[in-house]
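Numbering follows UniProt numbering, with no gaps: position 242 of the sequence shown is 242. In this text, a Cβ means the ideal position worked out from N, Cα and C, and glycines have one as well. Here the structure is a predicted model, which means the values were calculated and not measured. Beneath this line is the structure, given in structure tokens, with notes to follow.
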Amino acid sequence: MNTDVCRNPKCSRPTTPPHLLCEHCTTTMMGDLTWLTRNLDDLENGRLNRINNRKHDTGRTPTTASASAPLREAVLDLLHVDREGNIEDTLHAWARCLNVHVGMRDSLATTAERISRTPRLDEHAATPIYAAETHTLVRRAQNLIRMMDETRIKWGNCPNPDCQQPLTAPADAETIDCPHCHCKWAPQIVWKSRDKQLKTSKAEGTYGELSAILDSLGLNVPAATIRSWAYRGKLNQTKDTHGKPTGKYRLADAYQLAVPNHDHEKEDDE
Ligand SMILES: [Zn+2]
Ligand SMILES: [Zn+2]
């Protein structure tokens with residue numbers, strides 16, 4: 001029986017012509033194409049929309065704005081933009097070589113599925129190169145998804161009045177599970193609860209204390225920012241019973257400055 005060497009540039013296992021890829025690389029390639037078929041729609045529509053829509057849900061994203069912008073960029077880069085290699089370019093070029101039809105409205109997942117169904121796929125000269133490139137891209141996508149799931153941000157405290165424990169979840173979470181009381185919350189509910197809690201808070205503190213309290217509720221407001229508000233007269237010290245300044249500031253006031261005013265007005269109208 002004739003044997004040849006696998007055409008995957010990173011492999012040197014034997015293969016039997018007319019197969020250009022060894023068994024191992026064929027299995028990897030089919031696994032990658034199946035993974036893309038199953039996951040691309042969610043990455044392209046679900047994930048991106050969940051990150052984008054968060055802003056519309058609430059009118060503002062004090063915590064997640066900074067977390068989601070880079071994630072959104074990373075997903076778009078990997079799918080369509082990155083010049084060093086992106087999923088759209090690779091799948092479309094591979095499909096062209098194989099004479100696989102790609103319509104204007106076909107999703108990337110559809111294209112991946114059509115490629116995987118091409119008869120004698122691994123006998124085509126272009127396949128080993130595109131399969132290797134696809135493997136790299138799939139690993140990038142899997143790492144990105146893992147990162148999105150593992151990057152947990154602070155959302156605020158549990159709205160359950162008997163619980164009030166801090167909640168953390170991925171930036172694009174659809175629901176937030178409280179590990180203490182096991183309630184499940186919609187992100188908007190957690191935000192509204194935090195908003196109410198902060199607006200009505202009687203707490204006072206120094207720049208650093210207020211910054212730490214806000215941070216524990218998922219709002220990143222540096223002490224230096226709070227100090228600059230005080231210097232500019234936007235934030236006033238509280239006074240003791242003799243009318244003397246205490247050196248402390250109200251948490252509710254700092255919160256109002258941390259979050260743009262029109263958002264409060266919008267919510268007050270509800
Ligand atoms: Zn191989
Ligand atoms: Zn709870």
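Sequence-distant residues of its chain with Cβ nearer than 7 Å to residue i (five each side left out)
i	result
Lys10	Ala132
Pro128	Arg7, Asn8, Leu20 and Leu21
Distance cut-off 8 Å: residue i Cβ against heavy atoms of ligand 2
i	result
His135	no
Gln165	yes
residue 272	Absent from the structure is residue 272, since the part of the chain shown begins at 1 and ends at 270.
Simplified DSSP assignment, three categories, for residue i
i	result
Arg250	strand
Gly31	helix
Lys239	strand
Pro128	helix
Glu84	coil
Ala203	coil
Lys234	coil
Thr134	helix
Pro119	coil
Thr168	strand
Pro245	strand
Asp77	helix
Beta-ladder partner(s) of residue i, from DSSP
i	result
Val5	Pro14
Gly218	None; Gly218 has no bridge partner.
Trp155	Paired residue(s): none; Trp155 is not in a bridge.
Lys196	DSSP, once it has assigned bridges, lists no residue as partnering Lys196.
Same chain only: Cβ atoms within 6 Å of residue i, ignoring 5 sequence neighbours per side
i	result
Thr168	Arg152 and Lys154
Arg194	Gly156 and Leu217
Glu113	Thr37
Own chain partners of residue i with C-beta closer than 8 Å, once the 5 adjacent residues on each side are dropped
i	result
Ser216	Lys154 and Pro166
Check: residue i C-beta below 8 Å from any heavy atom of ligand 1
i	result
His24	yes
Leu198	no
Thr15	yes
Leu21	yes
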